[in-house]
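Presented below is the structure to which this report refers.
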Amino acid sequence: MTAHLGTIAFVSLTALTILPAIMVVSTRNLVHAGFWMLPCLIGVAGFYALLEAHFFVVVQILIYIGAILVLIMFALMLTRDVMDPKERQTNAMGVWAGVICGLGLLASAHMLFRHPWVGVTSHPGDAHAQTVALGKALVTRYALPFEAASVLLLAALIAAIVIAKSMRPPAASVGCDGEVSGG
Amino acid sequence: MIGLPHYLVVGSILFGIGAFGTLTRRNAIAVLLSVELMLNAANLNFLAFWRFLTPAAMEPHVFVLIGLTVAAAEAAIGLAIVLNVYREYGTVNLDQIAELRG
């Protein structure tokens, strides 16, 4: 009975993830594409729950949906006046890209199902134990990658501010060193 | 019974859809959306491998956490660049931003 429930949950999560993903890459209205991303990300969070990675369910919803998707929606709406929903939104590579991606998918599915995976049956710990272990690992053994990720994030945020605010004044040109010359 | 290959196939389908969108979309922000699809597929594969092969290991979690950080950084930088391109060129269509084309 539990196995059946797991299968039903997996199939419905697959539908919840894959169908919106197809809409994300195919719909002409890009604001709708951004909104279609929402069920897709929720589906991936559901997969994380099914995989018993409880911490990442929360992280997926907080960071992907709460931060990244909102950021992308802002950018879509800020540049909305130049996108016409009636305009073609794909380039001329559609057929070739479809063929290449389809062949890659078939090949990888074929190999995945032929490979004899030696799975283990043990379950990971419960949510509390997992989160405690991850937190301890991040400040002891994996402190360096954690700090590197923090520095990357800080650098990215500063760079995003610098790039986004460097609006060129009409009568002045900005040199390579950021100094405003002329004007 | 749902096993590791099923999750991996879902991950590869998601990756394929994202790759298709990255290759075919004209709008730069739509390309970023497709890249996010591919990053999600990678994270899903990491956690599937963790769950079915090494449920006691901590490395996949660290990988996924850093992958999420990289995704957030990529979205912030990418969108800042796209907004600058929009101000400079008045378009975000990648095939119309062709000043470097010889």
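As you go down the protein sequences, you meet chains B and Z in turn. Residue 182, in numbering that gives the first Met the number 0, is where the first sequence stops; the numbers in between run on with no holes. Residue 101, in numbering that gives the first Met the number 0, is where the second sequence stops; the numbers in between run on with no holes. Glycine included, C-beta positions come from ideal geometry on N, C-alpha and C. None of the values given here were measured: they were computed from a predicted structure.
Rounded to the nearest whole angstrom, the C-alpha separation of residue 130/B and residue 38/Z is 22 Å. Look at the stretch 120 to 167 of chain B and you find these whole runs of alpha helix (DSSP H), each 4 residues long or longer: 126 to 138, 142 to 164. Residue 71/Z reaches chain B at 62, 66, 67, 152, counting residues in chain order whose Cβ is nearer than 7 Å. By a beta-carbon distance limit of 8 Å, residue 104/B contacts residue 15/Z. Their separation comes to about 4 Å.
Flagged as an interface residue toward chain Z: residue 123/B, by a C-beta distance shorter than 8 Å.
Residue 27/B and residue 13/B have their C-alpha atoms roughly 23 Å apart.
Its chain contains 10, 13, 14 as the residues whose beta carbon lies nearer than 6 Å to that of residue 40/Z, once the 5 sequence neighbours on both sides are disregarded; these appear in chain order. With contacts defined by Cβ atoms closer than 8 Å, residue 29/Z and residue 70/B do not form a contacting pair. For residue 89/B, the three-state secondary structure derived from DSSP is strand.
Counting the other CB atoms within 10 Å of its CB gives residue 120/B a total below 16, which places it among the exposed residues. According to the DSSP assignment, residue 32/B belongs to the alpha helix (DSSP H) that extends over 29 to 49.
Contact between residue 9/B and residue 60/Z is absent: CB atoms are separated by about 22 Å, not below the 8 Å threshold. For the pair residue 94/Z and residue 25/Z, the CB atoms are nearer than the 8 Å cut-off. Close to chain B, meaning a Cβ-Cβ distance shorter than 8 Å, are the following residues of the stretch 21 to 51 of chain Z: 22, 23, 24, 25, 26, 28, 29, 31, 32, 33, 35, 36, 39, 42, 43, 46, 47, 49, 50, 51.
Close partners of residue 111/B in chain Z (Cβ separation under 8 Å): 4, 7, 8, 11. In terms of CA proximity to residue 163/B, 82/Z leads the group 96/Z, 82/Z, 97/Z, 8/Z. Ranked by Cα distance from residue 29/B, the options 3/Z, 92/Z, 98/Z are led by 92/Z. The CB of residue 18/Z comes closer than 7 Å to the CB of 100 in chain B, given here in chain order. For the stretch 74 to 90 of chain Z, the beta-carbon criterion of a distance under 7 Å to any beta-carbon of chain B is satisfied by 74, 75, 76, 78, 79, 80, 81, 82, 83, 85, 86, 89, 90.
With the rule of 3 Cβ pairs closer than 8 Å, the stretch 72 to 88 of chain B does not count as touching the stretch 141 to 157 of chain B.
Taking a Cβ-Cβ cut-off of 7 Å, the neighbours of residue 1/Z in chain B comprise 5, 6, 9, given in sequence order.
Secondary structure of residue 24/Z (DSSP, three-state): strand. Cβ-Cβ separation between residue 92/B and residue 22/Z: approximately 6 Å, consistent with a contact (criterion under 8 Å). Not flagged as an interface residue toward chain Z: residue 76/B, since no C-beta distance is shorter than 8 Å.
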